[in-house]
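Structure first, then comments.
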Amino acid sequence: MCETSKSGSLNHISLGSLNITENNMAESKDSTSKDRESKTALKRMKHSPPTLESPVKEKPDTSSTLDVILRKLNTMHDLAPSTKTNTDLLQVEVAAIRSDLKELKIRVTAAESKISRVEDCTNEQSQKFSDLEKVIATLKSQITEQEDRNRRSNLQIFGLPEGIKLNYKSAAEFLISWIATALQLDFDKDFKIERAHRVPTYKPMNQTTPRAMVVKHLRHQHTELILAQMRKIKVVMWQSWKISISQDYAKGTVIHRKGFLALRKRLTSIGISFAFNGPSKFRISHKGQMKIFSDPAELTRFLDNKSETQMEGEPSNSSSLNHTPP
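For the record, in the sequence shown the residue sitting at position 223 is 223 according to UniProt numbering, with numbers rising by one throughout.
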């Protein structure tokens, strides 16, 4: 009995030791396999770059999205009739605008045609107006010339006191006697003065100087003789009054001559002699050359060019002046 009990205890111990060894062996196997797996993982990490783990996407809620789409579709379906109505209205308005534009285009075309005709007519009228201006200027010049011819026998006397007749019946008789004495002229029996009068007819209230006297001779040769003698004497006196005598010209000629007379200082400063050549022409003489001008503007341009030439080095000679007084 004792032996059987011993043998049974021994068998139990041996079985227990076997189980322990088997467990240890299993654990060692597990540890070796884990070591192998860790080594292989390290090798893989060495040979391949690390990858970021993609975040886990949450699945969208398809049911709510479908509900939103359905609501929008229903809204669009409800708006479809009103949209169609608005589209029809827009089409009608566009058609009306096109019609208006077509009508406006027709009107603009007609207006352009009228404007073109008006421009053509204006250009034609402008040309006619320009031609008429030339004709008027020519006629005006001819009338002025004719008036000057009619006044060839007239003289203007300035500075003669008003109201003097002395013992003579008229101013004409006084002038015949005074002109012959003052100018030292021996007139023949044909020397007559048709009429003599003051201009203007009525003396202005604020005028202190005597009015000019216009004298018309019977022959223009007597007028020229008096003017020639006047240029020689230069100064004529009656008592203490200084008298001047000049040719009587038309108003346009007087204005024209004043334009030339305004340039006398410039002509004198550069040594140019000058004189009037007839009623409305102006003659200058410089360095043996003679020029005749019919317009003061033309003479001004000539003097401007002359001044530019002198500035470039041409000397000015103003020592000898032999101009004839106008």
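Note that beta-carbon positions come from the ideal geometry of N, C-alpha and C, so glycine has one too.
The structure presented is a predicted model; accordingly, all values stated were derived computationally and were not measured.
Run of the beta strand (DSSP E) containing residue i, from where it starts to where it stops
i: V235; result: Here V235 belongs to no beta strand (DSSP E), and DSSP marks it neither H nor E.
i: L218; result: Counting along the chain, L218 falls outside any beta strand (DSSP E), and DSSP gives it neither H nor E.
i: M205; result: It is not in any beta strand (DSSP E) - M205 carries neither H nor E in the DSSP assignment.
i: N154; result: 154-158
i: R151; result: Careful: R151 lies outside any beta strand (DSSP E) and carries neither H nor E.
i: D284; result: In the sequence as presented, Asp is not what sits at residue 284; that position holds Ile. It spans 282-286 - the beta strand (DSSP E) in which I284 sits, taken as one unbroken run.
i: I292; result: 289-293
Buried versus exposed, by CB contacts within 10 Å (16 or more), residue i
i: H222; result: buried
i: M188; result: Note that residue 188 corresponds to Asp in the displayed sequence, not to Met. The residue in question, D188, is exposed, as its Cβ has fewer than 16 Cβ neighbours within 10 Å.
i: I106; result: exposed
i: P161; result: exposed
i: V108; result: exposed
i: S153; result: buried
i: F129; result: exposed
i: V215; result: buried
i: A111; result: exposed
i: A171; result: buried
i: L321; result: Confidence in L321 is poor, its pLDDT being 36 and thus under 50, which makes the residue's placement unreliable; the coordinate value appears in the next sentence. With fewer than 16 other Cβ atoms within 10 Å, it is exposed.
i: I226; result: buried
i: L263; result: buried
i: W178; result: buried
i: I69; result: exposed
i: R151; result: buried
i: residue 338; result: Here the chain has residues from 1 to 326 only, and residue 338 is not among them.
i: I176; result: buried
Residue i, enclosing alpha helix (DSSP H) - first and last residue
i: I176; result: 171-182
Contact check, residue i vs residue j, beta carbons under 8 angstroms
i: P279; j: D148; result: yes
i: S285; j: S273; result: yes
i: F158; j: I243; result: yes
i: L183; j: Q229; result: yes
i: V199; j: A180; result: no
i: A275; j: R266; result: no
i: K306; j: I292; result: no
i: L185; j: I245; result: no
Residue-chain proximity (residue i, chain B), Cβ-Cβ < 8 angstroms
i: E145; result: Among the chains of the structure shown, chain B does not appear; only one protein chain is present.
Residue i CB to nearest heavy atom of the ligand ADP below 7 angstroms
i: H217; result: For the structure depicted, the ligand ADP is absent and the ligand set is empty, with no information on it obtainable.
Taking one C-beta from the segment 143-156 and one from the segment 240-253 each time, how about it: are there three or more such pairs within less than 8 angstroms? yes
Are the segment 232-247 and the segment 187-204 touching, with three or more C-beta to C-beta distances below 8 angstroms? no
Where are the beta strand (DSSP E) runs, 3 residues long or more, that stay fully inside the segment 246-276, in chain order? 273-276
Inter-stretch contact (C-beta, 8 angstroms, three-pair minimum) for the segment 252-263 and the segment 286-306: Yes, they touch.
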